[in-house]
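Residue numbers (the numbering used here): 66 to 148.
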C-alpha cells in the first residue's frame with residue numbers, strides 16, 4: 066500500500082481540484098513517499114507541488130521562489146481567489 070500511495074504522490078496533479086483540496090491530498094500522500102522517510106525536504110516538496118499545479122498558477126508562483134510549503138499553498142490560494 067505504501068508503494069502505491071508513493072506512486073500516486075508522484076503522479077498527483079491539481080487537475081480540476083481547487084488549491085486547498087489539492088494541497089490536502091498532496092500532504093496526505095507525501096507521508097508515503099520514501100524520499101521523505103528521513104524527514105521532509107521542503108524545497109523538493111514545493112517544486113513537486115508547483116509541478117502539479119494548473120499552468121496559470123505555476124506561471125504566477127514559480128518566479129516567486131517560495132521554498133516553504135505552507136507559504137506556497139497560501140500564495141496559490143490567494144492567486145486562485147483573485148481569478
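Idealized CB from N, CA, C, for every residue including glycine.
What is the DSSP secondary structure of residue i, reduced to helix, strand or coil?
{"i": "residue 106", "result": "coil"}
{"i": "residue 135", "result": "helix"}
{"i": "residue 119", "result": "coil"}
{"i": "residue 114", "result": "helix"}
Can you tell me which of the options puts its alpha carbon nearest to the alpha carbon of residue i?
{"i": "residue 68", "options": "87, 134, 96 and 147", "result": "96"}
{"i": "residue 105", "options": "140, 117 and 91", "result": "91"}
Beta-carbon separation of residue i and residue j under 8 Å?
{"i": "residue 127", "j": "residue 115", "result": "yes"}
{"i": "residue 118", "j": "residue 79", "result": "yes"}
{"i": "residue 110", "j": "residue 134", "result": "yes"}
{"i": "residue 94", "j": "residue 122", "result": "no"}
Would you report the Cα separation of residue i and residue j, rounded to the nearest angstrom?
{"i": "residue 144", "j": "residue 89", "result": "17 Å"}
{"i": "residue 148", "j": "residue 112", "result": "22 Å"}
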